[in-house]
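Going line by line, the protein sequences match chains A and B. FYI, this note's numbering numbers position 38 of the first sequence as 38, with every residue one higher than the one before it. Numbers given in this note's numbering equal positions in the second sequence, counted from 1, plus 1000. Idealized CB from N, CA, C, for every residue including glycine.
2 protein chains.
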Amino acid sequence: MKGPIIREISITPIAIVDPPLLNAAGLHAPYALRTIVEVITDDNIRGISEIPGNIETEIALEKAKEVIIGKDPFQLNQIKDAIENHFDKETTAQRGDAPWDQRKIVHVFSALEVACLDIIGKIQGRPVVDLLGGKRRDRVPFAAYLFYKYEGAGGHLGFKTDSNTSGWDSARQAEAVTPEGIVRQAIAMVKAFGFKSIKLKGGAFEPQQEVDAMKALFAHFGKDVPLRHDPNAIWELETAIAYGRKMEGILEYFEDPVRGQPNMSKVRKALKMPLATNMCTTSFEDIPQSIAIGSEDIILSDHHFWGGLRSSMELAKVCETFGRKLSMHSNSHLGISLAAMVHLGAALPEIPYALDTHYPWQSDEVILGGRIKFEEGAVSVPTEPGLGVEIDREALARLHQNYIACGLTKRDDEVEMQKVNPEWKFKAVRW
Amino acid sequence: MKGPIIREISITPIAIVDPPLLNAAGLHAPYALRTIVEVITDDNIRGISEIPGNIETEIALEKAKEVIIGKDPFQLNQIKDAIENHFDKETTAQRGDAPWDQRKIVHVFSALEVACLDIIGKIQGRPVVDLLGGKRRDRVPFAAYLFYKYEGAGGHLGFKTDSNTSGWDSARQAEAVTPEGIVRQAIAMVKAFGFKSIKLKGGAFEPQQEVDAMKALFAHFGKDVPLRHDPNAIWELETAIAYGRKMEGILEYFEDPVRGQPNMSKVRKALKMPLATNMCTTSFEDIPQSIAIGSEDIILSDHHFWGGLRSSMELAKVCETFGRKLSMHSNSHLGISLAAMVHLGAALPEIPYALDTHYPWQSDEVILGGRIKFEEGAVSVPTEPGLGVEIDREALARLHQNYIACGLTKRDDEVEMQKVNPEWKFKAVRW
């Protein structure tokens, strides 16, 4: 029995308009970088995927071609082993200092795995969710993801931003710094997308200001809209406990208040609310200590960071086995990543917490048919074969030109913040 | 997109000739029971599987039809959830006292999952291993599985036993009680099948006699043939440590010397060799305590007991994450189970220890083409779509008649032993 063979892998870096969002690491640049990967078989079946953009990941993807071209896209175990064996141990283990924790080889395999699953689904006439055991729900719920931000919608190259969501476009461009500004942002986003949970990316202002924002959200939305706050690990242990106490009874969960598993474990013991993380437990290698010391209640997985969709299903089993809950982290992304997240979300045993997505903050799109619609805060699971989304080649070319023109090759929120405030320095722990 | 629909589930209990093998629970009956499950779609694609036979499992399978018929066989997550929701909690959690630890619902889902994977593979033109991420090896290694036994080949209903393995058939019928008898059995089995590792099922005689058998095997085969001993948890803690010490340097691993995770953990700390289990850590629910107290080094999984092939891949990830090794347990079985074990074995990240199989002890077969061949102790991974084995309907009918005629409805090694020795009683811990 002869299977299809991977004939070509196409790697296209793109830059997408991103608003000036604040976070503990600094400020989002006017463009966020993504990499679009296409895996093409000898019989011209094309699988696609999208991963965080970074010049080093693209170089590693280029190098991965040496061992992946010629392989059967069904042989995902062989593809994984080949990649791991092709890079030296130092590279495979490499992790960045930044909160988003770049790990090249994990991104490389995630990109290839999702594209191969798209191919397999297309060959079989089955949506990707069916390759993960099949769907457990028709719609996958997401949360409103609020950001402190400066005024503006991002972009500086003359490309017009657009939005299919009435009322949200102006709110998306507005400044949001005060508690009132955050509540206004939340009202507009919830109205436009129908989200039923709300998260604030914190770590941008001093703790009391952020606690006041959460209290203002609670005062407006009440206890039926679960709230989350994420200081991105920039708080001291004592700060996290003191200000965390002020949010007990208000938060559904408290995300990464402090840095590292041991500190997270201490905060978890001190506070009466669940702790979530995408910063202290971010790989299978981190799981044993997480279990030993109890560093969190909820792991915010991300298939781009955990080695793909099948690996994320394995993570779900690990979580189920050890009494952890699983939800999902995101970065600025477009519809290919969103589709993959939705297929995964549809297969997971449970979704106890609505998933994170930056999607409302983006206005570009790289898929045919334009931006994916949210209904009541949820996205319908595609039923077409594969991921169910296809590349808009005109949009891809334009966004790739954006990439070349904007001059960015990797994310650096510190440099961007220094354009606004030259004195600003990234601090792993600030308050 | 309309998928296939499960139209019919056929459940056929069979009885296969089994020799009078001794173990801690007593004596194998002249027939071992298996259940052959066939899942048939509306377009007449037929998926098959084989599980341990037990009247209660068959009743549960019959009841599972109420929620499974009409489902798409690709929707394995839905099938699992439907089964778990269809039986009350007491039933789903039910575990027997016997070492083989019957758990009805796990067997039910395992039977349906393997049969559905057979269907999916047939529809896709892909071997089942490709539904587990694809094969990492072309041949899957097994170990010689020695038993203390009385003379005889099993069977009493006039059905002729046969064997395709020259030299083994007479050794298979011979008594093996002394160290010399065990070595003779090992020589014949290794010669016939080419096994490169050897396991003795112990717990049948007092500890020194079994240690002497292991020493005799070591004296004959030398250090290049890894040896294992399995007292089936029938030893006291002190016995296991004292007699375990005598086998340090001889055993590749020591399997279930004592009962329960806390005792296993103590033996593991006391001895300088790896401990394996299929008795103290036998489900995902057992994993947290296993990790917390370190009850074993090696988990001997069994897809019939761990919820199927995909679940076994998840177990492999759990093992990899926590530094456990994974190998495979078996019961008396035929070629459908063996094929499923081989597909799983081909997909596993590693096979650090050759897998267990009772297959050489059986002489019946239920698949077309007769009994599966071993070469150098290994089985080649089927490359045909699905499991790559099909039911021999004449053999199935004959083995089902065997089932009706033999009068057994579940395994009971104690009753069988009492036919030889009326005073004999099962003891969970004997020495």
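task = Would you please verify whether the beta carbon of residue 351 (chain A) is less than 7 angstroms from any beta carbon of chain B?
result = Stepping through the first sequence from its first residue, residue 351 (chain A) is reached at position 351. Not flagged as an interface residue toward chain B: residue 351 (chain A), since no C-beta distance is shorter than 7 angstroms.
task = Closer than 7 angstroms, Cβ to Cβ, to anything on chain A: give me those residues from the stretch 1269 to 1296 of chain B, in chain order.
result = Within the stretch 1269 to 1296 of chain B, the residues whose Cβ lies closer than 7 angstroms to some Cβ of chain A are 1284, 1287, 1288, 1291, listed in chain order.
message = Could you tell me the alpha carbon to alpha carbon distance between residue 1009 (chain B) and residue 1425 (chain B), rounded to whole angstroms?
response = Residue numbering aside, residue 1009 (chain B) sits at position 9 when the second sequence is read from its first letter. Residue numbering aside, residue 1425 (chain B) sits at position 425 when the second sequence is read from its first letter. Cα to Cα, residue 1009 (chain B) sits roughly 39 angstroms from residue 1425 (chain B).
inquiry  = I'd like to check one pair, residue 78 (chain A) with residue 1124 (chain B): are the Cβ atoms closer than 7 angstroms?
reply    = In the second sequence, the residue the question calls residue 1124 (chain B) occupies position 124. In the first sequence, the residue the question calls residue 78 (chain A) occupies position 78. Taking 7 angstroms as the Cβ cut-off, residue 1124 (chain B) and residue 78 (chain A) do not qualify as a contacting pair.
task = Could you have a look at residue 1412 (chain B) and say whether DSSP puts it in helix, strand or coil?
result = Position 412 of the second sequence, counting from 1, holds the residue named residue 1412 (chain B). The three-state secondary structure of residue 1412 (chain B), taken from DSSP, is coil.
ask   = So what's residue 1019 (chain B) in DSSP terms, helix, strand or just coil?
value = Here residue 1019 (chain B) is taken as the residue at index 19 of the second sequence, counted from 1. The answer is coil: DSSP assigns residue 1019 (chain B) none of H, G, I, E or B.
inquiry  = For residue 86 (chain A), which residues in the same chain have their Cβ closer than 6 angstroms to its Cβ, ignoring the five residues on either side in sequence?
reply    = As a position in the first sequence, residue 86 (chain A) is number 86, starting the count at 1. If the five residues before and after residue 86 (chain A) are omitted, its C-beta is found closer than 6 angstroms to the C-beta atoms of 67, all from its own chain and listed in chain order.
query = Going by beta carbon distance, what residues of the same chain come within less than 7 angstroms of residue 431 (chain A), once the five residues before and after it are set aside?
reply = Mapped onto the first sequence, residue 431 (chain A) falls at position 431. Only 206, 207, 234, 235, 236, 239 meet the Cβ criterion.
ask   = Does any CB atom of chain B fall closer than 7 angstroms to the CB of residue 130 (chain A)?
value = In the first sequence, residue 130 (chain A) corresponds to position 130, counting from 1. With a threshold of 7 angstroms between beta carbons, residue 130 (chain A) makes contact with chain B.
request  = Mark residue 61 (chain A) as exposed unless 16 or more other C-beta atoms lie within 10 angstroms of its C-beta, in which case mark it buried.
outcome  = Start at 1 with the first residue of the first sequence, and residue 61 (chain A) comes out as number 61. By the neighbour-count rule (16 or more Cβ atoms within 10 Å), residue 61 (chain A) is buried.
query = Where does the unbroken alpha helix (DSSP H) through residue 1359 (chain B) begin, and where does it stop?
reply = As a working mapping, residue 1359 (chain B) is identified with position 359 in the second sequence. From DSSP, residue 1359 (chain B) is part of no alpha helix (DSSP H); its letter is neither H nor E.
task = Determine whether the Cβ of residue 1424 (chain B) lies closer than 7 angstroms to any Cβ atom of chain A.
result = By one-based count along the second sequence, residue 1424 (chain B) stands at place 424. Not a single CB atom of chain A sits nearer than 7 angstroms to the CB of residue 1424 (chain B).
inquiry  = At the 7 angstroms Cβ level, is residue 74 (chain A) part of the contact set with chain B, yes or no?
reply    = Stepping through the first sequence from its first residue, residue 74 (chain A) is reached at position 74. Taking a beta-carbon distance threshold of 7 angstroms, residue 74 (chain A) counts as an interface residue toward chain B.
request  = Could you name the residues of the stretch 1320 to 1333 of chain B whose beta carbon sits closer than 9 angstroms to any beta carbon of chain A, in the order they occur along the chain?
outcome  = The stretch 1320 to 1333 of chain B vs chain A, Cβ under 9 angstroms: 1320, 1321, 1322, 1323.
query = Mind checking whether residue 417 (chain A) and residue 26 (chain A) have CB atoms under 7 angstroms apart?
reply = Locating residue 417 (chain A) in the first sequence gives position 417, counting from the first residue. Locating residue 26 (chain A) in the first sequence gives position 26, counting from the first residue. Against a cut-off of 7 angstroms, the Cβ pair of residue 26 (chain A) and residue 417 (chain A) comes out as a contact.
ask   = Does the distance from the C-beta atom of residue 248 (chain A) to that of residue 226 (chain A) stay below 7 angstroms?
value = For this step, residue 248 (chain A) is matched to residue 248 along the first sequence. For this step, residue 226 (chain A) is matched to residue 226 along the first sequence. Not a contact, by the Cβ cut-off of 7 angstroms.
Any C-beta of chain A under 7 angstroms from that of residue 1136 (chain B) = Counting from 1 along the second sequence, the entry for residue 1136 (chain B) is found at position 136. It does; some Cβ of chain A falls within 7 angstroms.
key: Span separating the alpha-carbon of residue 339 (chain A) from that of residue 104 (chain A)   = By 1-based counting over the first sequence, the position of residue 339 (chain A) is 339. By 1-based counting over the first sequence, the position of residue 104 (chain A) is 104. A straight line joining the alpha-carbon of residue 339 (chain A) with that of residue 104 (chain A) spans about 22 angstroms.
task = Would you decide whether residue 404 (chain A) is buried or exposed? Buried here means 16 or more other CB atoms lie within 10 Å of its CB.
result = Mapped onto the first sequence, residue 404 (chain A) falls at position 404. Residue 404 (chain A) comes out exposed.
Residue 433 (chain A) to residue 243 (chain A) span [Cα, whole Å] = Residue 433 (chain A) lies beyond the residue range present for chain A, which begins at 1 and ends at 431; the question has no answer from this structure.
query = Helix, strand or coil: which one does DSSP assign to residue 100 (chain A)?
reply = By one-based count along the first sequence, residue 100 (chain A) stands at place 100. For residue 100 (chain A), the pLDDT reaches just 48, beneath the cut-off of 50, and the residue's location in the model is therefore unreliable, although a value from the coordinates is still provided. In this structure, DSSP gives residue 100 (chain A) a state outside helix and strand, which the three-state scheme calls coil.
task = Let me know the secondary structure DSSP gives residue 1284 (chain B) once reduced to three states.
result = Residue numbering aside, residue 1284 (chain B) sits at position 284 when the second sequence is read from its first letter. The three-state secondary structure of residue 1284 (chain B), taken from DSSP, is helix.
inquiry  = Bridge partners for residue 1386 (chain B) per DSSP, in chain order?
reply    = Counted from its first residue, the second sequence places residue 1386 (chain B) at position 386. The partner list for residue 1386 (chain B) (beta bridge, DSSP) reads B:1127.
message = For chain B, check one thing: does any of its Cβ atoms lie closer than 7 angstroms to the Cβ of residue 77 (chain A)?
response = As a working mapping, residue 77 (chain A) is identified with position 77 in the first sequence. At a cut-off of 7 angstroms between beta-carbon atoms, residue 77 (chain A) makes contact with chain B.
ask   = How long is the line joining the alpha carbons of residue 1099 (chain B) and residue 1314 (chain B), rounded to whole angstroms?
value = As a working mapping, residue 1099 (chain B) is identified with position 99 in the second sequence. As a working mapping, residue 1314 (chain B) is identified with position 314 in the second sequence. Confidence at residue 1099 (chain B) is low in this model, with a pLDDT of 47, below 50, so its placement is unreliable and the value that follows should be read with caution. Cα to Cα, the separation comes out at about 23 angstroms.
key: Rounded separation between residue 151 (chain A) and residue 175 (chain A) - CA only   = For the purposes of this step, residue 151 (chain A) is taken as residue 151 along the first sequence, with counting starting at 1. For the purposes of this step, residue 175 (chain A) is taken as residue 175 along the first sequence, with counting starting at 1. Cα to Cα, residue 151 (chain A) sits roughly 4 angstroms from residue 175 (chain A).
inquiry  = Let me confirm a value: residue 446 (chain A) is counted as buried when at least 16 other C-beta atoms fall within 10 Å, else exposed. Which label applies?
reply    = A query on residue 446 (chain A) cannot be resolved here, the shown segment of chain A reaching from 1 to 431 and no further.
inquiry  = I need the straight-line Cα distance from residue 130 (chain A) to residue 345 (chain A), nearest angstrom please.
reply    = Against the first sequence, residue 130 (chain A) aligns to sequence position 130. Against the first sequence, residue 345 (chain A) aligns to sequence position 345. Taking the straight line joining both Cα atoms gives about 12 angstroms.
Cross-chain neighbours of residue 124 (chain A) in chain B, by beta carbon under 8 angstroms = Position 124 of the first sequence, counting from 1, holds the residue named residue 124 (chain A). By Cβ distance, chain B contributes 1123, 1124.
key: Close-in-space but distant-in-sequence residues of the same chain around residue 42 (chain A) (CB under 7 angstroms, 5 per side omitted)   = In the first sequence, the residue the question calls residue 42 (chain A) occupies position 42. The answer, listed in chain order, is 4, 5, 7.
key: Straight-line Cα distance separating residue 279 (chain A) from residue 262 (chain A)   = Sequence index remark: in the first sequence, residue 262 (chain A) carries index 262 (1-based). Sequence index remark: in the first sequence, residue 279 (chain A) carries index 279 (1-based). Near 12 angstroms, if we compare the C-alpha coordinates of residue 279 (chain A) and residue 262 (chain A).
request  = Could you say which of B:1200, B:1270, B:1157 lies nearest to residue 1030 (chain B) if we only look at CA atoms?
outcome  = Within the second sequence, the letter at position 30 stands for residue 1030 (chain B). Per the Cα distances, B:1157.
query = The beta strand (DSSP E) with residue 243 (chain A) in it runs from where to where?
reply = Stepping through the first sequence from its first residue, residue 243 (chain A) is reached at position 243. Premise fails: residue 243 (chain A) lies in the alpha helix (DSSP H), 237 to 247, not in any beta strand (DSSP E).
inquiry  = Taking the straight line between their C-alpha atoms, what separation do you get for residue 420 (chain A) and residue 1295 (chain B)?
reply    = The sequence position of residue 420 (chain A) within the first sequence is 420, counting from 1. The sequence position of residue 1295 (chain B) within the second sequence is 295, counting from 1. Looking at the backbone, the Cα of residue 420 (chain A) and that of residue 1295 (chain B) are separated by about 57 angstroms.
message = I need the DSSP call for residue 398 (chain A), collapsed to helix, strand or coil.
response = To locate residue 398 (chain A), count along the first sequence from 1; it is residue 398. Note: residue 398 (chain A) maps to helix in three-state DSSP.
request  = Within its chain, find whatever has a CB closer than 7 angstroms to the CB of residue 1388 (chain B); leave out the 5 residues flanking it on each side and keep chain order.
outcome  = In the second sequence, counting from the first residue as 1, residue 1388 (chain B) sits at position 388. Shown here for residue 1388 (chain B): same chain residues with a beta carbon closer than 7 angstroms to its own, the five before and five after excluded, namely 1127, 1339, 1382 in chain order.
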